[in-house]
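Asker:
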Amino acid sequence: MIKVAVLGVGTVGSSVVKILEKNADIIQARCGKRIVPVIGVVRDMSKKRDIGIPLTDDIKSVINRDDIDIYIELMGGIEQAYSVVKEILSKGKSVVTANKALLAYHRYDLQKAAQKAKIGFEASVAGGIPVIKALREGLSANHITAIKGILNGTCNYILTKMMNEKASFKDVLKEAQELGYAEADPTFDIGGFDAAHKLLILASIAYGIEAKPEEILIEGIENIGNEDIYFAKEFEYVIKLIGIAKKKGDKVELRVHPSLIPQDEMIAKVNGVMNGVSLIGDFVGETMYYGAGAGGDATASAVVADLIDIAREGQSPMLGFKSPLEKAKLVIMPKDEVETKYYFRVKVKDEIGVLAKIAAVLELSQISIESFLQKTEAKKSDTTTLFFATHHCKEANVQKALKEIEKLPFVIDKTNMLRIEANT
Numbered sequence: 001m002i003k004v005a006v007l008g009v010g011t012v013g014s015s016v017v018k019i020l021e022k023n024a025d026i027i028q029a030r031c032g033k034r035i036v037p038v039i040g041v042v043r044d045m046s047k048k049r050d051i052g053i054p055l056t057d058d059i060k061s062v063i064n065r066d067d068i069d070i071y072i073e074l075m076g077g078i079e080q081a082y083s084v085v086k087e088i089l090s091k092g093k094s095v096v097t098a099n100k101a102l103l104a105y106h107r108y109d110l111q112k113a114a115q116k117a118k119i120g121f122e123a124s125v126a127g128g129i130p131v132i133k134a135l136r137e138g139l140s141a142n143h144i145t146a147i148k149g150i151l152n153g154t155c156n157y158i159l160t161k162m163m164n165e166k167a168s169f170k171d172v173l174k175e176a177q178e179l180g181y182a183e184a185d186p187t188f189d190i191g192g193f194d195a196a197h198k199l200l201i202l203a204s205i206a207y208g209i210e211a212k213p214e215e216i217l218i219e220g221i222e223n224i225g226n227e228d229i230y231f232a233k234e235f236e237y238v239i240k241l242i243g244i245a246k247k248k249g250d251k252v253e254l255r256v257h258p259s260l261i262p263q264d265e266m267i268a269k270v271n272g273v274m275n276g277v278s279l280i281g282d283f284v285g286e287t288m289y290y291g292a293g294a295g296g297d298a299t300a301s302a303v304v305a306d307l308i309d310i311a312r313e314g315q316s317p318m319l320g321f322k323s324p325l326e327k328a329k330l331v332i333m334p335k336d337e338v339e340t341k342y343y344f345r346v347k348v349k350d351e352i353g354v355l356a357k358i359a360a361v362l363e364l365s366q367i368s369i370e371s372f373l374q375k376t377e378a379k380k381s382d383t384t385t386l387f388f389a390t391h392h393c394k395e396a397n398v399q400k401a402l403k404e405i406e407k408l409p410f411v412i413d414k415t416n417m418l419r420i421e422a423n424t
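For the record, in the sequence shown the residue sitting at position 190 is 190 according to this note's numbering, with numbers rising by one throughout.
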């Protein structure tokens with residue numbers, strides 16, 4: 001019998017206990033051992049929870065128990081969780097965690113601390129989708145050339161509603177909060193930070209690269225407007241918040257931002273609160289993983305899968321590598337060197353020569369226009385909105401052009417920019 005302690009008995013923790021109890025027979029059949037939750041740690045003992053295991057708010061006493069075989073960390077946060085998990089690992093005990101923020105900052109430290117103990121973290125990325133196992137094991141014969149993922153259900157829900165119903169960002173965000181898809185303070189989700197934490201975990205497994213969120217390009221969806229939706233539909237795109245990792249030579253491109261995606265790509269069809277991850281290997285080609293990216297039961301399913309893997313005495317390295325991937329260690333590509341296609345939305349006074357002057361700024365910044373669209377606000381309006389899509393160009397040149405465009409006297413609002421991501 002394997003005894004388990006659940007550190008944090010909220011929505012996910014409660015679901016873990018219920019799965020271990022309800023599906024005890026099939027779990028035992030699959031790993032050969034009975035996995036039994038014996039204690040849960042909570043912050044608030046006065047809160048009622050519909051589970052049948054003893055609860056305590058004394059985490060220290062639980063960590064010091066000799067009879068616990070595996071600890072499930074569902075506390076959330078970064079530094080306290082790091083301290084707790086590191087102490088557990090130092091005792092030679094295994095840990096399963098769903099804490100993507102913890103792993104975004106401390107995954108390599110924990111890998112070193114683990115020694116002979118195991119760390120399971122399937123639930124930290126894309127909820128119930130077994131993308132970590134697919135990347136670490138199922139695709140282990142491949143060099144991963146690219147990862148492209150919809151990793152945050154809140155953003156995907158908002159953007160899907162905006163695309164399908166022409167609703168405003170503000171209205172859909174409010175609806176998402178009422179439905180429980182978005183937090184009261186949604187910054188972590190809509191700002192792209194949640195997706196960035198998950199992308200860093202996947203990139204570590206794919207490329208063996210150590211990076212922190214502050215080192216990569218992160219942008220949120222809060223500036224997406226109905227005019228951007230209009231352009232997307234005109235040119236058969238959808239807008240998605242995408243996490244992207246690509247290996248280019250000895251550098252790895254890591255970025256999270258809203259992107260225009262051709263509507264016929266598989267990942268463009270991932271709608272609502274669902275997640276989807278595309279992994280491209282040099283031999284297997286593209287594989288696609290789709291499913292519930294959050295929620296108590298989906299996330300708990302991934303947690304229990306890790307428990308089963310540890311019970312089977314699985315020998316996969318935490319981050320997928322037993323030796324370095326490259327002789328010369330891969331490094332993160334500087335943000336300014338990112339190269340893709342771009343889209344600009346520029347609101348201007350409707351005057352003669354405006355288009356030529358903007359085109360001149362783009363030309364000086366070494367940016368070539370691929371397509372152009374103009375939308376006048378109303379029949380008698382003295383303003384108009386210009387939409388530009390570019391050929392491939394560098395991020396540094398785009399940022400330079402944006403600054404110069406906003407200096408032009410006829411520009412009357414902040415220019416919006418999105419990146420265009422296509423397989424071609």
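Using N, Cα and C, we set each Cβ at its ideal position, and we do this for glycine too.
With three or more beta-carbon pairs closer than 8 angstroms as the criterion, would you say the segment 129-141 touches the segment 89-106?
Answerer: Contact fails: fewer than three Cβ-Cβ distances are below 8 angstroms.
Asker: Quick one: complete beta strand (DSSP E) runs, 3+ long, within the segment 67-130?
Answerer: Runs found: 70-73, 94-97.
Asker: Excluding the 5 residues preceding and the 5 following residue 217 in the sequence, name in chain order all residues of the same chain whose CB lies nearer than 8 angstroms to its CB.
Answerer: Closer than 8 angstroms at the Cβ level, and outside the excluded window around residue 217, lie 254, 255, 256, 257, 335, 338, 395.
Asker: So what does DSSP say about residue 156, is it helix, strand or coil?
Answerer: In this structure, residue 156 counts as helix in the three-state DSSP scheme.
Asker: Tell me the rounded alpha-carbon separation between residue 26 and residue 195.
Answerer: Residue 26 and residue 195: Cα-Cα distance of roughly 33 angstroms.
Asker: Would you grab the beta carbon distance between residue 172 and residue 151 for me? Rounded to a whole angstrom, and I think it's under 8 angstroms.
Answerer: 19 angstroms between Cβ atoms; not a contact.
Asker: Excluding sequence positions up to five away, which residues of its chain have a Cβ less than 6 angstroms from the Cβ of residue 418?
Answerer: If we look at residue 418 and ignore the five residues flanking it on each side, its Cβ neighbours are 258, 260, 343.
Asker: Can you give me the C-alpha to C-alpha distance between residue 223 and residue 94, rounded to a whole angstrom?
Answerer: Near 43 angstroms, if we compare the C-alpha coordinates of residue 94 and residue 223.
Asker: Start and end of the beta strand (DSSP E) containing residue 375?
Answerer: Residue 375 -> beta strand (DSSP E) spans 369-376.
Asker: Closest to residue 78 by C-alpha separation, out of 248, 56, 212, would be which residue?
Answerer: Closest option to residue 78, Cα to Cα, is 212.
Asker: Just to confirm the assignment: which complete alpha helix (DSSP H) runs, minimum length 4, are found wholly within the segment 3-40?
Answerer: Listed in chain order, the complete alpha helix (DSSP H) runs (minimum 4 residues) inside the segment 3-40 are 11-22, 24-31.
Asker: Between residue 11 and chain B, is there a C-beta pair that is closer than 9 angstroms?
Answerer: Although the question refers to chain B, the structure presented lacks it and comprises just one protein chain.
Asker: With a floor of 4 residues, list each alpha helix (DSSP H) that falls wholly inside the segment 144-209, ordered by position along the chain.
Answerer: If we require 4 residues or more, the alpha helix (DSSP H) runs fully inside the segment 144-209 come out as 153-165, 169-179, 187-190, 193-207.
Asker: Ignore the nearest five residues each way along the sequence and tell me which others in residue 82's own chain have a CB closer than 7 angstroms to its CB.
Answerer: Excluding residues within five positions, the ones whose Cβ falls inside 7 angstroms are 102, 106.
Asker: Going by the DSSP bridge assignment, what does residue 349 pair with across the sheet?
Answerer: Answer by DSSP bridge pairing, in chain order: 383.
Asker: Out of 189, 121, 267, 329, which has the shortest C-alpha to C-alpha gap to residue 202?
Answerer: The option with the nearest alpha carbon to residue 202 is 121.
Asker: By the 10 Å Cβ neighbour count, where 16 or more other Cβ atoms means buried, how is residue 403 classified, buried or exposed?
Answerer: That one is exposed.
Asker: Return the chain-ordered list of same chain residues with a C-beta closer than 8 angstroms to the C-beta of residue 330, the five sequence neighbours on each side being excluded.
Answerer: Counting only Cβ-Cβ distances below 8 angstroms, and skipping sequence neighbours, we find 207, 208, 209, 247, 250, 251, 252.
Asker: Based on Cα-Cα distance, which residue from 308, 11, 139 lies nearest to residue 180?
Answerer: The residue with the shortest Cα to Cα distance from residue 180 is 11.
Asker: Would you identify the three-state DSSP class for residue 262, choosing helix, strand or coil?
Answerer: Three-state result, residue 262: strand.
Asker: For residue 299, which three-state DSSP category applies?
Answerer: Of the three classes helix, strand and coil, the one that applies to residue 299 here is helix, per DSSP.
Asker: How far does the alpha helix (DSSP H) with residue 362 in it extend, from its first residue to its last?
Answerer: Counting along the chain, the alpha helix (DSSP H) containing residue 362 begins and ends at 354-364.
Asker: In the DSSP assignment, find the unbroken alpha helix (DSSP H) run with residue 427 in it and report its ends.
Answerer: For the chain, the structure presents residues 1 to 424; residue 427 sits outside this window and is missing.
Asker: Where does residue 304 sit, in a helix, a strand or coil, going by DSSP?
Answerer: In the structure shown, residue 304 sits in a helix (DSSP, three-state: H, G or I).
Asker: Could you please give the first and the last residue of the uninterrupted beta strand (DSSP E) stretch that includes residue 278?
Answerer: Run containing residue 278: 274-281, per the beta strand (DSSP E) assignment.
Asker: Whole angstroms is fine: what's the gap from residue 429's alpha carbon to residue 141's?
Answerer: Coverage of the chain is limited to positions 1 through 424, which leaves residue 429 absent and any answer about it impossible.
Asker: Using the beta-carbon count (16 or more within 10 Å), is residue 401 buried or exposed?
Answerer: Residue 401 should be labelled buried.
Asker: Under 8 angstroms: do the segment 225-245 and the segment 112-119 share three or more Cβ pairs, one atom per stretch?
Answerer: Taking 8 angstroms as the limit for Cβ pairs, the verdict is that the segment 112-119 does not touch the segment 225-245.
Asker: Counting C-beta neighbours from all protein chains within 10 Å, is the total for residue 299 16 or more, i.e. buried, or is it exposed?
Answerer: Classification of residue 299: buried, given that the 10 Å Cβ count is 16 or more.
Asker: Hey, residue 4 and residue 72: beta-carbon distance below 9 angstroms or not?
Answerer: Contact flag set, yes.
Asker: Please determine, among 99, 422, 112, 100, the residue with the shortest C-alpha to C-alpha distance to residue 89.
Answerer: The option with the nearest alpha carbon to residue 89 is 112.
Asker: Going by Cα to Cα distance, which pick from 49, 110, 70 is closest to residue 37?
Answerer: For residue 37, the nearest C-alpha among the options comes from 70.
Asker: Using only CA atoms, which one of 192, 410, 367, 21 lies nearest to residue 393?
Answerer: Among 192, 410, 367, 21, the Cα nearest to that of residue 393 is on 367.
Asker: Alpha carbon to alpha carbon, what distance is there between residue 13 and residue 97?
Answerer: The straight-line gap from Cα to Cα measures roughly 11 angstroms.
Asker: First and last residue of the alpha helix (DSSP H) that includes residue 62?
Answerer: Counting along the chain, the alpha helix (DSSP H) containing residue 62 begins and ends at 59-63.
Asker: Just how far apart, CA to CA, sit residue 158 and residue 309?
Answerer: Roughly 35 angstroms between the two C-alpha positions.
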